[in-house]
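Enquirer: Let me give you the structure first, and then I'll get to my questions.
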Amino acid sequence: AQKVTQAQTEISVVEKEDVTLDCVYETRDTTYYLFWYKQPPSGELVFLIRRNSFDEQNEISGRYSWNFQKSTSSFNFTITASQVVDSAVYFCALTSLGSGYALNFGKGTSLLVTP
Amino acid sequence: DAEITQSPRHKITETGRQVTLACHQTWNHNNMFWYRQDLGHGLRLIHYSYGVQDTNKGEVSDGYSVSRSNTEDLPLTLESAASSQTSVYFCASSDGTGAADTQYFGPGTRLTVL
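Which chain is which? The protein sequence lines are A and B, in order.
In terms of my numbering, the first sequence opens at residue 249 and continues consecutively.
In terms of my numbering, the second sequence opens at residue 45 and continues consecutively.
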């Protein structure tokens, strides 16, 4: 069975602080894919990143960065110099052949950035 | 621009009624998925389809059905709505030409069953 755990239910930071959202996953498959989605207050789900299990390179996109570590089964997401517009619920998700390539989501981390 | 749409965006219905939620995508994606989002549960998979005439059950499929008669549409039917089915429903699609292609989501439908 697959499982994604986002232990942080809610995080509150002040603008310009750095914040890291944790994601720990479980799967028996050797080939799998990890995703992060953002759900702003307007409710839509916005794709942020996709990473496959063979690629452990960290990725940076502007103020966003992702740290993938197979040794600890983690795929953490860091926002540098947070802004109010980053306030949203962030979901980590996992998929593989074992799930029919449907996404298994964590329960999400609600991030509030205050001015 | 290609997109994925859902209708209606909001729906209120009564217990026991049949309800159909529409999902339409113009990307020509093979794969389509339905999820429900509830507080404390994140998103959970209801049904999915890899192509025309193909449907599969997900984690929470009881009380729901889907059919795929063309590439663009995957309607979700609640056969006899129950209050426990009050939720926000998201449709998603992915290309399907490669493994684990990124899923792109529709705007969601908020369903209330009274």
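Even for Gly, the Cβ is constructed at its ideal location relative to N, Cα and C.
Measure the C-alpha to C-alpha separation of A:A249 and B:L89 and round it to an integer number of angstroms.
Expert: Here the question's residue 249 of chain A lines up with position 1 in the first sequence. Here the question's residue 89 of chain B lines up with position 45 in the second sequence. Approximately 14 Å, taken between the alpha carbons.
Enquirer: Closer than 8 Å is the cut-off here; do at least three beta carbon pairs connect the segment 336 to 351 of chain A with the segment 277 to 285 of chain A?
Expert: yes
Enquirer: Beta carbon of B:N75, beta carbon of B:G140: below 8 Å?
Expert: The sequence position of residue 75 of chain B within the second sequence is 31, counting from 1. The sequence position of residue 140 of chain B within the second sequence is 96, counting from 1. In contact: B:N75 and B:G140 (Cβ atoms closer than 8 Å).
Enquirer: Cβ of B:W71 within 8 Å of Cβ of B:C135?
Expert: The residue you call residue 71 of chain B lines up with position 27 of the second sequence. The residue you call residue 135 of chain B lines up with position 91 of the second sequence. Result no, Cβ atoms of B:W71 and B:C135 do not sit closer than 8 Å.
Enquirer: Alpha carbon to alpha carbon, how far is B:H91 from B:P119? Give it in angstroms, no decimals.
Expert: Residue mapping note: residue 119 of chain B aligns to position 75 of the second sequence, counting from 1. Residue mapping note: residue 91 of chain B aligns to position 47 of the second sequence, counting from 1. Straight-line Cα distance between these residues: approximately 10 Å.
Enquirer: When DSSP labels each residue in this structure, what does A:Q287 get in the three-state scheme?
Expert: The residue you call residue 287 of chain A lines up with position 39 of the first sequence. Looking at A:Q287 - three-state DSSP - the assignment turns out to be strand.
Enquirer: Looking at C-beta atoms only, is the number of pairs between the segment 257 to 265 of chain A and the segment 354 to 361 of chain A that lie closer than 8 Å three or more?
Expert: yes
Enquirer: Quick test of your reading: A:F330 and A:V272, contact by CB under 8 Å. State the CB separation rounded to the nearest angstrom.
Expert: Taking the first residue of the first sequence as position 1, residue 330 of chain A is located at position 82. Taking the first residue of the first sequence as position 1, residue 272 of chain A is located at position 24. Phe is not the amino acid found at residue 330 of chain A; the sequence shown has Ser there. About 22 Å; that fails the 8 Å criterion.
Enquirer: Can you give me the Cβ contacts of B:L87 inside the same chain, cut-off strictly under 8 Å, excluding the 5 residues immediately before and after it?
Expert: Locating residue 87 of chain B in the second sequence gives position 43, counting from the first residue. Here the set comprises Y79, R80, Q81 and F134.
Enquirer: Quick check on DSSP: helix, strand or coil for A:K355?
Expert: By one-based count along the first sequence, residue 355 of chain A stands at place 107. Note: A:K355 maps to coil in three-state DSSP.
Enquirer: Might you give, ordered along the chain, the residues of its own chain that have their beta carbon closer than 6 Å to the beta carbon of A:S347, omitting 5 neighbours on each side?
Expert: As a position in the first sequence, residue 347 of chain A is number 99, starting the count at 1. Excluding residues within five positions, the ones whose Cβ falls inside 6 Å are Q250.
Enquirer: May I ask which residues mark the beginning and end of the beta strand (DSSP E) holding B:H68?
Expert: Counting from one through the second sequence, the residue named residue 68 of chain B turns up at place 24. V63 to Q69 is the extent of the beta strand (DSSP E) around B:H68.
Enquirer: Per DSSP, B:G86 forms a beta bridge with which residues?
Expert: As a first step, residue 86 of chain B is located in the second sequence; it is residue number 42 there, counting from the start. DSSP lists B:D82 as partners of B:G86.
Enquirer: List the residues that DSSP assigns as beta-bridge partners of A:F295.
Expert: On the first sequence, residue 295 of chain A is found 47 positions in, with the first residue counted as 1. Paired residue(s): A:Y285.
Enquirer: I want to know whether the segment 49 to 64 of chain B touches the segment 104 to 121 of chain B - three or more CB-CB distances under 8 Å.
Expert: yes
Enquirer: Taking the Cβ atom as the reference point for each residue, do B:S138 and B:V110 lie within a distance shorter than 8 Å?
Expert: Here residue 138 of chain B is taken as the residue at index 94 of the second sequence, counted from 1. Here residue 110 of chain B is taken as the residue at index 66 of the second sequence, counted from 1. Contact flag unset, no.
Enquirer: Mapping DSSP to helix, strand and coil, what is B:Q97?
Expert: By one-based count along the second sequence, residue 97 of chain B stands at place 53. Here B:Q97 sits in coil by DSSP.
Enquirer: Nearest by alpha-carbon distance to A:V252: which of A:T328, A:L360, A:T362 and A:N324 is it?
Expert: Taking the first residue of the first sequence as 1, we reach residue 252 of chain A at position 4. Nearest of A:T328, A:L360, A:T362 and A:N324 to A:V252, Cα basis: A:N324.
Enquirer: Assign B:N114 to one of two classes, buried (16 or more other C-beta atoms within 10 Å of its C-beta) or exposed (fewer than that).
Expert: Translated into positions along the second sequence, residue 114 of chain B becomes position 70. Answer is exposed; the Cβ neighbour count stays below 16.
Enquirer: Assuming the contact rule is C-beta atoms closer than 8 Å, A:S335 and A:V294 should be a hit. Round their C-beta distance to whole Å, please.
Expert: By one-based count along the first sequence, residue 335 of chain A stands at place 87. By one-based count along the first sequence, residue 294 of chain A stands at place 46. 13 Å between Cβ atoms; not a contact.
Enquirer: From the beta carbon of A:G291, is the nearest beta carbon of chain B less than 8 Å away?
Expert: The sequence position of residue 291 of chain A within the first sequence is 43, counting from 1. In terms of beta-carbon proximity, A:G291 lines the interface with chain B, with at least one pair separated by less than 8 Å.
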